[in-house]
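Q: Going letter by letter, the sequence shown gives residues 1 to 231 in the UniProt record's numbering.
We put the CB at the ideal spot given by N, CA and C, even for glycine.
Sharing a structure here in structure tokens format.
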Amino acid sequence: MNTATFTKSPADTKSVPAAGETALAAGQVILDEFVEARGPWSAVVAAGDVLTIVDLEGNQAVDCLLYSAADTSVRYSAAATIAAQQSIVLTTGSVLRVDTGAPLMTVVADEVGVHDTIGGACSQESNTLRYGQHTREQHACVENFLIEGSRWGLGKRDLVSNINWFMNVPVDPDGALGIVDGLSAPGKRVALRAEADTLVLVSNCPQINNPCNGFNPTPVRMIVTRPEAAL
1 MNTATFTKSP ADTKSVPAAG ETALAAGQVI LDEFVEARGP WSAVVAAGDV
51 LTIVDLEGNQ AVDCLLYSAA DTSVRYSAAA TIAAQQSIVL TTGSVLRVDT
101 GAPLMTVVAD EVGVHDTIGG ACSQESNTLR YGQHTREQHA CVENFLIEGS
151 RWGLGKRDLV SNINWFMNVP VDPDGALGIV DGLSAPGKRV ALRAEADTLV
201 LVSNCPQINN PCNGFNPTPV RMIVTRPEAA L
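Set out below in structure tokens:
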């Protein structure tokens, strides 16, 4: 991974804290980027490095897929992750696993406490089914994944069940899923340590038809730090 620091800042950067102050893991800042509302993002996080995802304005869902950087046919498995931890939500200590059970990343710090593994990613097709034909042309997470994944040779067949950082998806007693207001707030963070070189693919969710983004998609920040011991 390139050790330079890259910054894509919002229009007003004067009040933005430095990446080293914002990241949840101490160390050299390897990457610092802002993902615009509704936009895609990707990067390879080297083994041992820590990715901090910052919910800048609060109540913003961040859809995420993980792949082995060495072999993208090895990728995050929601089923293996849920089975190993016996919980459908992610928080500090959760290990994000591939289908063999091997770890890709570990949640090492979390200021929210609940992140979703079962709500899936919105698409133009699911928007139409749930909210009506007038939503068909609305941009969605699947389209973001396809756009950004194409940079790494990934296509539709490579999309699997994803993680939804900061998204609140309670399960009702009858088994129905709800998509409700998030538990996050402005500046809340979650941090993931790479256990192997990991390609992280993100859609900063564009959804405006349910409360997952407070009906108002907003930017997020991605900061990668490298512990001093690894330098």
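If you draw a straight line from the alpha carbon of Thr218 to that of Phe34, how long is it in whole angstroms?
A: If you take the alpha carbons of Thr218 and Phe34, they lie about 11 Å apart.
Q: Less than 8 Å between the CB atoms is what I'm expecting for Gln207 and Cys122, so what's the real figure, rounded?
A: The pair is a contact, with the Cβ atoms about 5 Å apart (cut-off 8 Å).
Q: On a Cα-Cα basis, can you pick out the residue from Val74, Val142, Val112, Gly113 that is closest to Glu125?
A: If we check each option's Cα against that of Glu125, Val142 comes out closest.
Q: Measuring only the C-alpha atoms, how far is Val89 from Ile118?
A: About 8 Å.
Q: Where does the unbroken beta strand (DSSP E) through Leu146 begin, and where does it stop?
A: Run containing Leu146: none in the beta strand (DSSP E); it sits in the alpha helix (DSSP H), 141–149.
Q: Just mark Pro40 as buried or exposed, buried being the case when its beta carbon has 16 or more other beta carbons within 10 Å.
A: The residue is buried, with at least 16 neighbouring Cβ atoms inside 10 Å.
Q: Looking only at DSSP bridge pairs, what is Phe34 linked to?
A: In the DSSP output, where bridge partners are listed per residue, Phe34 has Arg221.
Q: Could you give the DSSP three-state label for Gln124: helix, strand or coil?
A: Helix, per DSSP.
Q: Indicate, with yes or no, if the ligand SAH has a heavy atom lying under 7 Å from the CB of Ala26.
A: Looking for the ligand SAH in the displayed structure turns up nothing, as the structure carries no ligands at all.
Q: Whose C-beta lies closer than 7 Å to the C-beta of Gly178 among residues of the same chain, with five residues either side of it excluded?
A: Only Val169, Pro170, Asp172 meet the Cβ criterion.
Q: Give the range of the beta strand (DSSP E) segment to which Ala43 is assigned.
A: Per DSSP, Ala43 belongs to the beta strand (DSSP E) from 40–45.
Q: Express the C-alpha separation of Val62 and Ala191 in angstroms, rounding to a whole number.
A: Roughly 13 Å separates the two Cα atoms.
Q: If you run the structure through DSSP and keep just helix, strand and coil, what is Gln86?
A: Gln86 falls in the coil class under three-state DSSP.
Q: Would you call the segment 68–87 and the segment 15–35 touching, i.e. three or more CB-CB distances under 8 Å?
A: The segment 68–87 is not in contact with the segment 15–35.
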